[in-house]
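The structure under discussion appears below in the form of structure tokens.
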Ligand code: GRF
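So this is what it looks like as structure tokens:
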């Protein structure tokens, strides 16, 4: 059994897709926890509805990033978490969590990295007028959306698209891709930290 914690800061549509798709089909993985840094984020409501325990850690309640991550790490250890999935977690991961989980932590980003890292990646691509963008799943390192890439999937930008339709297409790809890759990782624990899987 692989015990996973999802970290999220916002709406949580990826969190929900992961829980729903992995819960029903697979006994080898459990989405054990949601860790959220934003009180009131909709993802906390989703966790409640899905029956997943959630912990909210507002960074400002801690004296430093290190203290904040140390508190999170304690909860992860208590719940014997093996693997961390970032899904719209809007912070850089610091040394404390990286030392404990590097190679066992992945992120999803809505662009074809290294293009358009950071915030508002879909808008960045839209404004740049690209004809294709996409989604990247990668391991997490200390940089901004910079760790080793596990998989990328392209999304075409067509004449008919608006920013809203492009966002919808990208999220649909994310919701298929992320649960599938997480399951692949769960089934190949000996390959954690390596690419390709
Ligand atoms: C997704 O687009 C993900 O790629 C990015 O943040 C967004 C989170 O969306 N890292 P949601 O909260 O899962 O709906």
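Residue numbers (our numbering): 1 to 197.
Each residue gets a CB set at the ideal place from its N, CA and C atoms; glycine is no exception.
Alpha-carbon to alpha-carbon, residue j and residue i
i: residue 202; j: residue 64; result: Limits of the chain in this structure are 1 at one end and 197 at the other, which puts residue 202 out of reach.
i: residue 1; j: residue 76; result: 15 Å
i: residue 27; j: residue 17; result: 17 Å
i: residue 36; j: residue 60; result: 13 Å
i: residue 10; j: residue 92; result: 15 Å
i: residue 148; j: residue 115; result: 14 Å
i: residue 100; j: residue 5; result: 13 Å
i: residue 44; j: residue 137; result: 23 Å
i: residue 19; j: residue 159; result: 34 Å
i: residue 67; j: residue 54; result: 19 Å
i: residue 121; j: residue 162; result: 15 Å
i: residue 107; j: residue 145; result: 8 Å
i: residue 151; j: residue 189; result: 17 Å
i: residue 80; j: residue 128; result: 43 Å
i: residue 12; j: residue 87; result: 7 Å
i: residue 117; j: residue 24; result: 33 Å
i: residue 119; j: residue 48; result: 27 Å
i: residue 85; j: residue 42; result: 18 Å
i: residue 78; j: residue 94; result: 20 Å
Residues of its chain near residue i, where Cβ-Cβ distance is below 6 Å and the 5 sequence neighbours each way are ignored
i: residue 192; result: 103, 104
i: residue 89; result: 7, 8, 9
i: residue 38; result: 9
i: residue 50; result: 19
i: residue 62; result: 68
Close-in-space but distant-in-sequence residues of the same chain around residue i (CB under 7 Å, 5 per side omitted)
i: residue 157; result: 130, 131, 132, 133, 166
i: residue 70; result: 96
i: residue 186; result: 2, 28, 29
i: residue 22; result: 29, 31, 179, 182, 183
i: residue 126; result: 163, 166
i: residue 73; result: 96, 97, 100
Residue i - partner residues in DSSP beta bridges
i: residue 152; result: 136
i: residue 222; result: An answer regarding residue 222 cannot be provided, because it is not within the stretch 1 to 197 covered by the chain.
i: residue 7; result: 35, 86
i: residue 165; result: DSSP, once it has assigned bridges, lists no residue as partnering residue 165.
i: residue 2; result: 29
Sequence-distant residues of the same chain with beta carbon closer than 8 Å to residue i, five excluded per side
i: residue 170; result: 110, 122, 133, 134, 135, 155
i: residue 177; result: 108, 135, 137, 151, 153
i: residue 195; result: 139, 148, 149, 150
i: residue 98; result: 105, 140, 141, 142
Interface flag, residue i vs chain B, CB-CB below 8 Å
i: residue 110; result: This model lacks chain B altogether; it includes just one protein chain.
Which ranges does the alpha helix (DSSP H) cover as unbroken runs of at least 4 residues, wholly within the stretch 22 to 107, from first to last along the chain? Annotation note: the stretch 22 to 107 contains the following uninterrupted alpha helix (DSSP H) runs of length 4 or greater, listed N- to C-terminal: 42 to 50, 65 to 78, 95 to 101.
Going residue by residue through the stretch 104 to 128, where are the continuous alpha helix (DSSP H) segments of at least 4 residues, counting only ones entirely within it? With a minimum length of 4 residues, the continuous alpha helix (DSSP H) runs that stay inside the stretch 104 to 128 are 121 to 128.
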